[in-house]
Amino acid sequence: MTAQHASFGPVGVVGLGSVGQSLVELLSGAGIDVLGVDCDPGAVTRARGRAPGSVLLGNDISALSAAEVVIEAVPEHYERKALVLRAIAETCQPGTVLVSTTASLSLASLAVASGRPGQVVGLAFLAPPAERTGVELVVTAMSSAEAAAKAKELLELLPIAQKDLGAARGHAWDLVLAYLNRSVALYEVGYATREDIDTAMRLGCGLPTGPLALLDRIGLDVAQRALTDLHERTGIATHAPTGLLNRMVEGGLLGRKAGQGFYTYSPAGEIDSEPERSDRGGAALAREIKRVGVVGSGTMARGIAQVITQAGLETVLVARDEHKADAAVRAVDESLVRAVRRGRVTPDQRRAALSLLIPSASRAAVADCDLVIEATAEEIEVKTAVFAELDGICKKGAILATTTSSLSVTACAEATTRRADVVGMHFFNPAPAMKLVEVSRTEFTGDDVLTSVHALASRLRKTTVDCSDRAGFIVNYLLFPYLNDAIRLVESGAATVPGLDAAIESGFGYPMGPFTLLDTIGLDISEAIQWRLHEINYDPDVKPATLLTRLVELGRLGRKTGAGFWGA
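Quick note: to get my numbering, add 25 to the position in the sequence shown (first position is 1).
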């Protein structure tokens, strides 16, 4: 046994599936002895390997007699939970606190079924508890003050936050479920590897866990049942569990709790899979890149130019006129000054970066660049015109990249006579801070071009993910249906902006709820991206909700105007 925590005797956990294993790990990590019970010997073995200090006692429920608190974490079936709680009550001392993890059943009914309603409280969470996620302590009118206080004392020893998940927690769960299912569908068609999908959403959105790894943690069978229920309630086709998810459940690939799901897991519960390989140009040699051009002078163009000069590469920034070019250089300098103040850049590094930045009002200035990155307005007519012009300006062998994420990279390539030299490089805003670059190859893109942009991104200290040319790539394709679903929930009156944001942030540990994120992106930008994804992919899930369009018409565009979904 571990050295017992000073304020707690052993804590029992009955049911060592996704939730139970997570609780065992959290409890054991806090120095609390755990008495784990499950009828599945494999679940006991896995839980023991993931929390070696705990005592896991197979299916012998009588061993729980010494526990001060016992948590039932068995599947969401009323009869089974009621039976387990009754057995715990009959085994344990009269003062033992009984905790149910029910997500949808009546806690009061379960408390009565236990025979000790005064000793029963509940724990509510949206995903198996882990660091950065929140948990809510739930009581009934029958729960004693002593039982609630004891459960609260236990929670305070764990590295999770006690939160009021509120009435929106069910809607938050539905939102994330739909996003997870869409992620499986993207993986099922072979659009990107599991690692690239998960990396894209972690780095592109700041999520603590990628969608496929989160599904493994939740349990694929749990997600499948919940999606089936969601589909029955909504009738929306994309809410039905994907064929791949159904096949994996049928094959016993249930996720982390079973040792294998989308990933394979070591006995300690860590991912232990050989990475799936994406096409990064094979053995093709990278082209030499010494001088880079950036066409555009907006926020994204300036950020990309800053990142490239900080990596020691001479960079030509082309604006529409000299005034905009000079203003772009000043903006880059201001950004570098802020970085110096924060200790991220030295004064010498700032001066060196600025010395490598060459402003110009003529696109002819990129004629001798080895790579030119187009970062102009997100309109296909604008971008294809730029590529046609660059085709006539740039030297033979120069790589032409577009920063689009919602328009066709292929259309940009077809505007040139050098389709093999064209590639997508989607940087995220702000480029100096965001680590992700989505690399999109068309059917024409040369292997050496792919190798070259990956090598450049590595020099820029960026992480790349690979995908083929389709509107939205990985991040926007998965993110914007989720955001649109959130807006529709508020539009229908089923949820509130504060409620959904709080539930998502607390329950899943996301850095922002959907509405805070929409306000940060800009509602006008979000609406424009959704229209493009809807029209190009024929995707009904991203047709902008009426509420979004009306806010844009009112000029409530988010943080940049001081008001959006949030604000006066």
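Cβ atoms here follow ideal geometry from the backbone N, Cα and C, with glycine treated the same way.
Small disclaimer: the values here were computed from a predicted structure and weren't measured.
Would Thr165 pass as a contact of Ala136 if the rule is Cβ separation under 9 Å?
Contact flag set, yes.
Classify Cys647 as buried or exposed, calling it buried when 16 or more other Cβ atoms lie within 10 Å of its own Cβ.
Outside the shown range of the chain, which is 26 to 593, sits residue 647, and nothing can be said about it.
Taking the straight line between their C-alpha atoms, what separation do you get for Thr340 and Val464?
Roughly 20 Å between the two C-alpha positions.
Quick check on the DSSP output: the alpha helix (DSSP H) that includes His559 runs from which residue to which?
Unbroken alpha helix (DSSP H) run through His559: Leu548 to Asn562.
Can you round the beta-carbon distance between Asn509 and Ile554 to whole angstroms, since I take them to be within the 8 Å contact cut?
Not confirmed; about 10 Å, so no contact.
Please state the DSSP three-state secondary structure of Ala456.
Coil at Ala456, not helix or strand.
Quick one: give me the first and last residue of the alpha helix (DSSP H) that Glu347 is part of.
Here the alpha helix (DSSP H) through Glu347 covers Glu347 to Arg366.
Write down the C-beta distance between Tyr288 and Ser303 rounded to the nearest angstrom, noting that I regard them as a contact closer than 8 Å.
Actually they do not touch by this definition, with Cβ atoms about 16 Å apart.
Expressed to the nearest angstrom, what Euclidean distance is found between the alpha-carbon atoms of Gly191 and Ala528?
Their Cα atoms are separated by approximately 7 Å.
Using only CA atoms, which one of Ala172, Ala350 and Leu110 lies nearest to Gly321?
Of the candidates Ala172, Ala350 and Leu110, the one whose C-alpha sits nearest the C-alpha of Gly321 is Ala350.
Output the distance between the C-alpha atoms of Met26 and Ala225, rounded to the nearest integer angstrom.
Low local confidence applies: a pLDDT of 38 at Met26 is under 50, so the model's placement there is unreliable, with the coordinate-based value given in what follows. So the two alpha carbons sit approximately 40 Å from each other.
What are the boundary residues of the alpha helix (DSSP H) that includes Glu578?
Counting along the chain, the alpha helix (DSSP H) containing Glu578 begins and ends at Thr571 to Glu578.
Let me know the secondary structure DSSP gives Cys230 once reduced to three states.
Of the three classes helix, strand and coil, the one that applies to Cys230 here is helix, per DSSP.
Could you check whether Glu93 and Lys177 sit closer than 9 Å to each other, using their CB atoms as the reference points?
Not in contact: Lys177 and Glu93 (Cβ atoms no closer than 9 Å).
Are the CB atoms of Ala309 and Val319 within a distance shorter than 9 Å?
Contact flag unset, no.
Compute the distance between the beta-carbons of Val274 and Leu245, then report whether it is under 9 Å.
In contact: Val274 and Leu245 (Cβ atoms closer than 9 Å).
Could you tell me whether the region 154-162 touches the region 492-507, where touching means 3 or more Cβ pairs closer than 8 Å?
They do not touch, by the three-pair rule.
Who does Asp491 pair with in a DSSP beta bridge?
In DSSP, Asp491 forms a bridge with Val464.
Rounded to the nearest angstrom, what separates Arg345 and Val391 at their Cα positions?
Spanning the two alpha carbons is a distance of roughly 14 Å.
Does the separation of the CB atoms of Thr126 and Ile96 fall below 9 Å?
Result yes, Cβ atoms of Thr126 and Ile96 sit closer than 9 Å.
Would DSSP call Thr27 helix, strand or coil?
Note on Thr27: pLDDT 42, under 50, position unreliable in the model; the coordinate value appears next. Three-state result, Thr27: coil.
Who are Ile424's beta bridge partners in DSSP?
Paired residues: Leu396.
Rounded to a whole number of angstroms, what is the C-alpha to C-alpha distance between Ala293 and Leu132?
Cα to Cα, Ala293 sits roughly 33 Å from Leu132.
For Arg584, which residues from the same chain have a beta carbon less than 7 Å from its beta carbon, with the 5 sequence-adjacent residues on both sides left out?
Here the set comprises Asp544 and Thr545.
Roughly how many angstroms lie between the CA atoms of Ala72 and Lys188, to the nearest whole one?
Ala72 and Lys188: Cα-Cα distance of roughly 27 Å.
Does the Cβ of Ala28 have 16 or more other Cβ atoms within 10 Å, making it buried, or fewer, making it exposed?
Residue confidence is low: Ala28 scores 44 on pLDDT, short of 50, so the model does not pin down where it sits. Its coordinate-derived value is still stated next. Exposed: under 16 other Cβ atoms inside 10 Å.
For the beta strand (DSSP E) that contains Val391, what are its first and last residues?
Premise fails: Val391 is in no beta strand (DSSP E) and is neither H nor E.
Roughly how many whole angstroms lie between the Cα atoms of Arg581 and Gly37?
Approximately 51 Å, taken between the alpha carbons.
Excluding the 5 residues preceding and the 5 following Ile609 in the sequence, name in chain order all residues of the same chain whose CB lies nearer than 7 Å to its CB.
It is not possible to answer for residue 609, since the shown part of the chain is limited to 26 through 593.
Check each candidate in Ala353, Leu279, Leu573 and Pro455 and name the one with the smallest Cα separation from Cys230.
Taking only the C-alpha atoms, the option nearest Cys230 is Pro455.
Tell me the rounded alpha-carbon separation between Asp446 and Ile424.
So the two alpha carbons sit approximately 5 Å from each other.
Let me know the alpha helix (DSSP H) ranges lying completely inside the region 49-91, each 4 residues or longer, listed in chain order.
Correct list: 66-75.
Assuming contact is defined by CB atoms lying nearer than 9 Å, are Val448 and Leu475 in contact in what I supplied?
Taking 9 Å as the Cβ cut-off, Val448 and Leu475 qualify as a contacting pair.
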